[in-house]
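Notes to accompany the following structure.
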Amino acid sequence: MAKHYTFNPHTLSYEILGIPFKVRIYRIVFGVLLACASSTIAIYVFSYFFETPRAALMQQRNEDLQIKYDFLLQRLRQTNDELNELMQRDNKVYRSIFEADPIPLPVRESGMGGIKRYEQLLADAQTEQVAKAMIFMDKITKKVYIQSKSFDEIAEYVREKEEMIFCIPSIQPVNLSDPKVHFSGGYGWRSDPFYHVQKFHHGIDFGGPEKTPIYATGNGKVEKAEFNWGGYGNMVLINHGFGYQTRYAHLSEIKVRQDEKITRGQLIGLMGNTGRSKGTHLHYEVLFKNRDVNPINFFNTDVSESEYHKIIQALKEDANKPAMEY
Ligand SMILES: [Zn+2]
1 MAKHYTFNPH
11 TLSYEILGIP
21 FKVRIYRIVF
31 GVLLACASST
41 IAIYVFSYFF
51 ETPRAALMQQ
61 RNEDLQIKYD
71 FLLQRLRQTN
81 DELNELMQRD
91 NKVYRSIFEA
101 DPIPLPVRES
111 GMGGIKRYEQ
121 LLADAQTEQV
131 AKAMIFMDKI
141 TKKVYIQSKS
151 FDEIAEYVRE
161 KEEMIFCIPS
171 IQPVNLSDPK
181 VHFSGGYGWR
191 SDPFYHVQKF
201 HHGIDFGGPE
211 KTPIYATGNG
221 KVEKAEFNWG
231 GYGNMVLINH
241 GFGYQTRYAH
251 LSEIKVRQDE
261 KITRGQLIGL
271 MGNTGRSKGT
281 HLHYEVLFKN
291 RDVNPINFFN
301 TDVSESEYHK
311 IIQALKEDAN
321 KPAMEY
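The numbering used here applies: residue 1 is where the sequence shown begins, and numbers increase by one.
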């Protein structure tokens with residue numbers, strides 16, 4: 001900067017002119033401001049063209065997170081596929097075995113209270129991906145819940161089926177390996193021993209000596225243990241549940257009481273000739289939903305194939321003979 005001089009008439013010499021204080025201050029302030037502005041512009045220009053280390057680090061972290069997120073999403077999709085496979089198997093195999101209705105797809109796939117809970121997350125571009133993953137996860141959680149409920153239900157069916165297997169009549173009421181015990185009358189139309197007319201025989205008959213043991217053919221409860229005046233004589237009626245009942249008639253002695261719980265193979269009475277009967281025998285009936293059915297179809301746990309054919313043959317030969325009771 002050029003220096004200013006002024007002439008002093010008293011000393012007759014030129015003297016250097018001093019800069020006022022105010023002007024100096026202005027100059028300093030202006031200088032500082034100029035330096036700030038120029039350095040800001042320089043930083044801005046620099047960061048525009050070159051990344052700062054911090055920004056580079058953030059960028060790297062962002063990319064890492066994106067990779068992890070994609071991996072998480074992939075795992076969720078895999079889990080969902082596996083779950084869908086399990087649901088298919090549940091509906092088509094497990095539930096159909098136990099005659100249970102399949103669970104409809106809309107019920108299995110319904111969400112958990114919609115996407116309202118994620119509105120805020122979805123509105124923000126940075127958290128949108130997270131919200132979507134959470135919605136996906138919720139759907140999977142719901143499916144797992146429904147699936148586990150379905151398995152509970154199936155476990156209950158299994159328990160019931162197991163009980164049913166023990167309850168449904170499936171053995172013979174007498175010990176046929178005893179040579180003195182034999183079939184003496186089949187189910188169906190046959191000649192009535194009293195009136196000699198064709199009548200429907202609602203059960204099958206087993207002949208044998210007086211007091212031959214009679215056994216319950218399935219688990220259940222004694223519904224009746226009494227003398228029946230209608231013709232059955234001393235009779236036991238067992239209710240097996242699941243729609244099944246069995247009747248044991250013409251007993252000489254009843255060995256159970258009404259309402260007593262019975263297990264398969266339990267002694268319930270002794271063979272006799274009470275009621276409308278001609279000769280010592282057991283009249284055995286199986287009823288399903290209050291209608292009699294052929295008991296021969298319920299001997300499936302203690303009869304071999306050859307034994308079964310022998311019974312059928314004996315019943316055929318026997319069909320023309322008069323029954324020992326109606
Ligand atoms: Zn009979």
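Every residue, glycine too, gets a C-beta built ideally from N, C-alpha and C.
Here the structure is a predicted model, which is why all the values come from computation and not from measurement.
query: Taking 7 Å as the cut-off, is the CB of residue 203 close to at least one heavy atom of ligand 1?
result: yes
- prompt: Would the beta-carbon of residue 185 be found less than 7 Å away from any heavy atom of ligand 1?
  reply: yes
query: Within the chosen definition, does the segment 206-218 reach the segment 171-191 through at least 3 CB pairs nearer than 8 Å?
result: yes
task: Taking only heavy atoms of ligand 2 into account, decide whether any of them is closer than 7 Å to the Cβ of residue 182.
output: Judged by which ligands are present, ligand 2 is missing from the structure shown, whose ligands are ligand 1.
- request: State yes or no: is the C-beta of residue 196 nearer than 7 Å to some heavy atom of ligand 1?
  value: no
message: I'd like to know if the segment 244-257 and the segment 222-233 are in contact, where contact means that at least 3 CB-CB pairs between them fall below 8 Å.
response: yes
- request: Output yes or no for whether 8 Å exceeds the beta carbon distance between residue 167 and residue 240.
  value: yes
query: What did DSSP end up calling residue 222 once you bin it into helix, strand or coil?
result: strand
field: residue 248 - DSSP class collapsed to helix/strand/coil
entry: strand
query: How long is the line joining the alpha carbons of residue 330 and residue 118, rounded to whole angstroms?
result: Only positions 1 to 326 of the chain appear in this structure, which leaves residue 330 out of reach.
Distance, residue 20 Cα to residue 34 Cα: 22 Å
- prompt: Taking the alpha-carbon positions, what's the residue 326 to residue 233 distance?
  reply: Summary for residue 326: the model assigns pLDDT 48, below 50, so the residue's position carries little reliability, and this model does not support an answer.
task: Only counting runs of 4 or more residues, tell me where the alpha helix (DSSP H) segments fall wholly within the segment 120-171, in order along the chain.
output: 125-167
task: Could you tell me which of 298, 269 and 245 sits nearest to residue 333, measuring between CA atoms?
output: For residue 333 there is no data in the structure shown, the boundaries of the chain being 1 and 326.
message: Let's see if you can read the secondary structure: which residues bound the beta strand (DSSP E) around residue 39?
response: First-last for residue 39: 21-49, but that is the alpha helix (DSSP H), not the beta strand (DSSP E).
message: Is there a Cβ of chain D sitting closer than 8 Å to that of residue 63, yes or no?
response: Annotation note: the requested chain D is absent from the structure, which comprises a single protein chain.
message: Going by DSSP in three states, residue 309 sits in which element: helix, strand or coil?
response: helix
- prompt: Is DSSP giving residue 286 helix, strand or coil here?
  reply: strand
- request: Within its chain, find whatever has a CB closer than 6 Å to the CB of residue 14; leave out the 5 residues flanking it on each side and keep chain order.
  value: 5 and 7
- prompt: Which residues bound the beta strand (DSSP E) around residue 79?
  reply: From DSSP, residue 79 is part of no beta strand (DSSP E) but of the alpha helix (DSSP H) over 53-89.
query: Exposed or buried, residue 262, counting other C-beta atoms within 10 Å across all chains shown (16 or more means buried)?
result: buried
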